[in-house]
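In UniProt numbering, the protein residues as written are 1 to 243.
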């Protein structure tokens with residue numbers, strides 16, 4: 001019986017069927033959603049592991065330039081509206097909503113950026129196999145590309161669980177300087193970084209194997225040619241991931 005996905009036995013999977021563009025779109029959607037969920041998961045871990053408060057600019061107080069000038073009194077005289085220039089310039093806030101807001105800025109980037117990355121990778125694999133005399137439509141290349149990204153559906157949750165157990169708790173105070181906070185958080189992540197790198201290597205290699213057998217079938221090239229194109233493309237992705 002042929003496996004339902006190429007993740008465990010890509011040789012058997014692609015031996016019995018052509019890459020399916022429609023199924024590739026479904027896999028691409030799952031990968032994109034999972035990546036957004038990963039960002040949300042990072043928020044959960046960070047808010048649990050990082051505790052304390054920080055000082056932020058008071059949103060209810062006008063700028064120093066406004067308060068130091070005569071503009072406040074002018075507005076008061078003209079509109080009977082007074083701005084609270086006596087309010088503190090900074091106020092203390094819990095770090096949790098600040099972390100969530102910071103990570104929330106990545107949601108749209110992932111929703112837009114990852115499909116673009118998938119499409120760009122499909123173009124690279126399609127052109128690479130075309131140089132080797134490959135045949136077969138771009139839909140085949142896209143489906144194979146999406147399946148090659150699918151290993152992150154396994155490695156990302158593992159990385160998140162590892163982060164939960166390996167990240168050292170961090171406590172901050174309003175007196176903590178931003179540079180000190182950055183060093184402290186990065187230091188708490190240090191035990192986890194080798195695991196993250198290993199999972200990145202595993203995911204990249206796993207995807208390259210899927211690409212090899214998928215391109216062999218979907219683009220009608222030799223296994224050696226498919227492996228060469230897949231290896232070069234995967235290596236570039238791995239190097240980008242290290243940046």
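By construction, the Cβ of each residue, glycine as well, lies at the ideal position given by its N, Cα and C atoms.
I need the straight-line Cα distance from residue 50 to residue 171, nearest angstrom please. 6 Å
Locate the alpha helix (DSSP H) running through residue 197, then write down its first and last residues. 193 to 218
Residue 141 and residue 122 closer than 9 Å at C-beta: Yes, Cβ-Cβ distance for residue 141 and residue 122 is below 9 Å.
Contact between the segment 9 to 23 and the segment 117 to 135 is defined here as three or more beta-carbon pairs at a separation below 8 Å; is this criterion met? By the C-beta criterion, the segment 9 to 23 is judged not to be in contact with the segment 117 to 135, since fewer than 3 inter-stretch pairs fall below 8 Å.
Bridge-paired residues (DSSP) for residue 94: 53
Buried/exposed call for residue 92, threshold 16 Cβ in 10 Å: exposed
Buried versus exposed, by CB contacts within 10 Å (16 or more), residue 203: buried
Among the residues of its own chain, which have a CB less than 7 Å from the CB of residue 192, if the five just before and after it don't count? Taken in chain order, the residues that qualify are 162, 163, 166, 167.
Label residue 35 either buried or exposed according to how many other C-beta atoms from any shown protein chain fall within 10 Å of its C-beta, with 16 as the threshold for buried. buried
Taking residue 47 as the reference, give the member of 24, 18, 98 with the closest Cα. That would be 98, whose Cα lies nearest to the Cα of residue 47.
So what's residue 171 in DSSP terms, helix, strand or just coil? strand
Integer Cβ distance of residue 132 from residue 229, believed to fall under 8 Å: Going by Cβ atoms, the distance from residue 132 to residue 229 rounds to 7 Å, so yes, they are a contact pair.
Could you say if the segment 217 to 229 and the segment 172 to 183 meet the contact criterion of at least three C-beta pairs nearer than 8 Å? no
Reduced DSSP secondary structure (H/G/I, E/B, other) of residue 101: helix
So what's residue 5 in DSSP terms, helix, strand or just coil? coil
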